[in-house]
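Visitor: Have a look at the structure that comes next, please.
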Ligand SMILES: Cc1cc2nc3c(=O)[nH]c(=O)nc-3n(C[C@H](O)[C@H](O)[C@H](O)COP(=O)(O)OP(=O)(O)OC[C@H]3O[C@@H](n4cnc5c(N)ncnc54)[C@H](O)[C@@H]3O)c2cc1C
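In the working numbering, the protein residues as written are 1014 to 1439.
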């Protein structure tokens, strides 16, 4: 969809754009994480809308093969469709990898997670572990499930349930860079989610084995799926079925064919990056249709909106800078941060009908007197909590102080070290 919207935006009304899809709706997968906790299911978008608004016609079908030399796509029923430019975005196939665990890959798994929550409520689960699959590159939904579970436990008034999250990554959501990682680590700590920086390797008889040799108890395990590629006959693929591409997303050894998103060999399988890849492909395609557009190299910027059950956190990282905020770092503030897809979705969900392209934003900083007052209160509350020996709460207030200014003043930074030590000795 992003590729179609981008080509239309860059090349105007001339190219005929067809979307081959076996479904007649677009499913907004990222919001599925809220549904086990009572979140309203997101309405599926009718692809006919894309036809009405952008002249993108849907062809009902599944691509069976591509005859690259002849520039033909062959559908499952044998129909042949010719093209000047082809963008392949067939995604990946989710597969369970841990026996005995509940695998969450979107809407079809909502009920299974609900069943785990029912077991928690019934007192049947005291140790609940969230485990990322081996080699997983996009684990944000797992953090959301853990944080949303923590918020749900608090809302339900349940106690004595321990939550843990295990991942091979050294830092929580380290792909966003150090600032984002630190905020997420603090958030997990605040909500009582233990972070285990090691890979889960097995699960049996309520015990999980970890790559570092340890074993921990888990009455239930929730995980994400392992992804394998969806190779298409006629196109190259690596051993796992992913399609190899160059830095302008052209499929290796072909002309006029691009691949984007989870289907490609690019390691991070994320919707925002899929959209950036689509923009790159679209820039080259629009140029071929005569539009005065320079090819836009794919320079990944990771944008993640983390649902926490309280305020959403916005994380952004480009390999150099890393930023976190509790106000939108891009607009429209959708989870699928595509240059054209985000405004399209924001319009359909009546979030902002005026946005044309995704724009990055600076975090909202509170100004003047208001900020001074917030700062004063945060320091006062932190010190009061520490006096009562409630270092956890005191540290949370310091965290709030850090959000206000983006940095902790020296005096409070020293207090943080001291209070963290106090907490550790308990
Ligand atoms: C639980 C969960 C939460 C997520 N949260 C986020 C998030 O917050 N932010 C974010 O950016 N990303 C998120 N992601 C990742 C994001 O959903 C994917 O990276 C993104 O959907 C990839 O887009 P895609 O177009 O490459 O593939 P897909 O979205 O998988 O789409 C591929 C489409 O191709 C169709 N198809 C497959 N084979 C064929 C064929 N042969 N012919 C025709 N059609 C075919 C499929 O039916 C499917 O509709 C999340 C993923 C999960 C599982």
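Yeah, the Cβ is synthetic: ideal placement off N, Cα and C, and Gly gets one too. Computed from a predicted structure; not experimentally measured.
Taking contact to mean at least 3 C-beta pairs separated by less than 8 Å, is the region 1116–1127 in contact with the region 1227–1245?
Guide: Segments in contact, yes.
Visitor: On a Cα-Cα basis, can you pick out the residue from 1417, 1369, 1405 and 1211 that is closest to residue 1388?
Guide: It is 1417.
Visitor: Is residue 1312 near ligand 1, judged by its Cβ being under 7 Å from some heavy atom?
Guide: No, ligand 1 has no heavy atom inside 7 Å of this Cβ.
Visitor: Do residue 1113 and ligand 1 come close, with the Cβ less than 7 Å from some heavy atom?
Guide: No.
Visitor: Using a threshold of 8 Å, state whether the C-beta atoms of residue 1143 and residue 1155 are closer than that.
Guide: Contact: yes.
Visitor: For the putative contact between residue 1371 and residue 1355, defined by C-beta atoms under 8 Å, what is the C-beta separation to the nearest angstrom?
Guide: About 5 Å separates the two Cβ atoms, so the contact holds.
Visitor: Report the residue from 1411, 1382, 1386 and 1385 whose alpha carbon sits nearest the alpha carbon of residue 1396.
Guide: Taking only the C-alpha atoms, the option nearest residue 1396 is 1411.
Visitor: So, is residue 1401 buried or exposed, given that buried needs 16 or more other C-beta atoms within 10 angstroms?
Guide: So residue 1401 counts as exposed.
Visitor: Out of 1180, 1306, 1230 and 1265, state which residue places its alpha-carbon closest to the alpha-carbon of residue 1210.
Guide: Out of 1180, 1306, 1230 and 1265, 1180 has the C-alpha closest to the C-alpha of residue 1210.
Visitor: Assuming residue 1173 and residue 1139 make a contact with CB atoms under 8 Å, what is their CB distance in whole Å?
Guide: Contact holds; Cβ gap of about 6 Å.
Visitor: Excluding the 5 residues preceding and the 5 following residue 1353 in the sequence, name in chain order all residues of the same chain whose CB lies nearer than 7 Å to its CB.
Guide: Excluding residues within five positions, the ones whose Cβ falls inside 7 Å are 1015, 1018, 1019, 1022 and 1370.
Visitor: Curious, which full-length beta strand (DSSP E) runs of at least 3 residues does the region 1276–1344 contain?
Guide: Those beta strand (DSSP E) runs which fall completely within the region 1276–1344 and span 3+ residues are 1315–1319, 1326–1330 and 1335–1338.
Visitor: I want to check one thing, is the minimum distance from the CB of residue 1377 to the heavy atoms of ligand 3 below 7 Å?
Guide: This structure lacks ligand 3; its bound ligands are ligand 1.
Visitor: Quick one: what's residue 1440 bridged to in DSSP?
Guide: Given a span of 1014 to 1439 for the chain in the structure shown, any question on residue 1440 remains unanswerable.
Visitor: Alpha carbon to alpha carbon, how far is residue 1218 from residue 1234?
Guide: Distance between the alpha carbons of residue 1218 and residue 1234: 12 Å.
Visitor: Leaving out the 5 sequence neighbours to the left and right, which residues in its chain are closer than 8 Å to residue 1366 when beta-carbon positions are compared?
Guide: Within the same chain, residue 1366 has close Cβ partners 1359 and 1360.
Visitor: Kindly indicate which three-state DSSP category residue 1240 falls into: helix, strand or coil?
Guide: Strand, per DSSP.
Visitor: Can you tell me whether residue 1037 is buried or exposed, with buried defined as 16 or more other CB within 10 angstroms of its CB?
Guide: So residue 1037 ends up on the exposed side.
Visitor: Can you tell me which of 1335, 1386, 1437 and 1273 puts its alpha carbon nearest to the alpha carbon of residue 1413?
Guide: Among 1335, 1386, 1437 and 1273, the Cα nearest to that of residue 1413 belongs to 1386.
Visitor: Can residue 1102 and residue 1274 be called in contact, C-beta distance under 8 Å?
Guide: A contact, by the Cβ cut-off of 8 Å.
Visitor: At the level of alpha carbons, what is the spacing between residue 1170 and residue 1134?
Guide: For residue 1170 and residue 1134, the distance between alpha carbons rounds to 10 Å.
Visitor: Closer than 6 Å by C-beta to residue 1096: which residues in its own chain qualify, once you throw out the five before and the five after it? Chain order, please.
Guide: Here the set comprises 1084.
Visitor: So residue 1270 and residue 1099 are in contact, right, with Cβ under 8 Å, and what is the actual spacing, rounded?
Guide: Yes, residue 1270 and residue 1099 are in contact; Cβ-Cβ is about 5 Å, under 8 Å.
Visitor: Go through its chain and collect everything with a Cβ distance to residue 1057's Cβ below 8 Å, but skip five positions before and after it.
Guide: Excluding positions up to five away in sequence, the list reads 1038, 1039, 1040 and 1041.
Visitor: Contact defined as beta carbons within less than 8 Å: I believe residue 1335 pairs with residue 1193. What is the distance between those atoms, to the nearest angstrom?
Guide: With 8 Å as the limit, residue 1335 and residue 1193 qualify as a contact, their Cβ atoms being about 5 Å apart.
Visitor: Using a Cβ-based criterion (distance less than 7 Å to any ligand heavy atom), does residue 1110 qualify as near ligand 1?
Guide: Because no heavy atom of ligand 1 lies under 7 Å away, the Cβ of residue 1110 does not count as near it: no.
Visitor: Using the C-alpha atoms, what's the distance from residue 1340 back to residue 1262?
Guide: Distance between the alpha carbons of residue 1262 and residue 1340: 32 Å.
Visitor: Closer than 7 Å to a non-hydrogen atom of ligand 1 - does that hold for the CB of residue 1151?
Guide: Within the cutoff, so yes.
Visitor: Checking 8 Å against the spacing of the C-beta atoms, do residue 1153 and residue 1051 come in under that value?
Guide: No, these two residues do not count as a Cβ contact at 8 Å.
Visitor: Is there at least one non-hydrogen atom of ligand 1 closer than 7 Å to the beta-carbon of residue 1075?
Guide: Yes, the Cβ of residue 1075 comes within 7 Å of a heavy atom of ligand 1.
Visitor: Does DSSP put residue 1260 in a helix, a strand or coil?
Guide: Residue state, collapsed to three classes: coil.
Visitor: Is it the case that the Cβ atoms of residue 1429 and residue 1408 are separated by a distance below 8 Å?
Guide: Cβ atoms of residue 1429 and residue 1408: closer than 8 Å.
Visitor: Give the DSSP-derived three-state secondary structure of residue 1272 in the structure shown.
Guide: DSSP places residue 1272 in strand when its eight states are reduced to three.
Visitor: Using DSSP bridges, identify the partner residues of residue 1141.
Guide: DSSP, once it has assigned bridges, lists 1176 and 1233 as partnering residue 1141.
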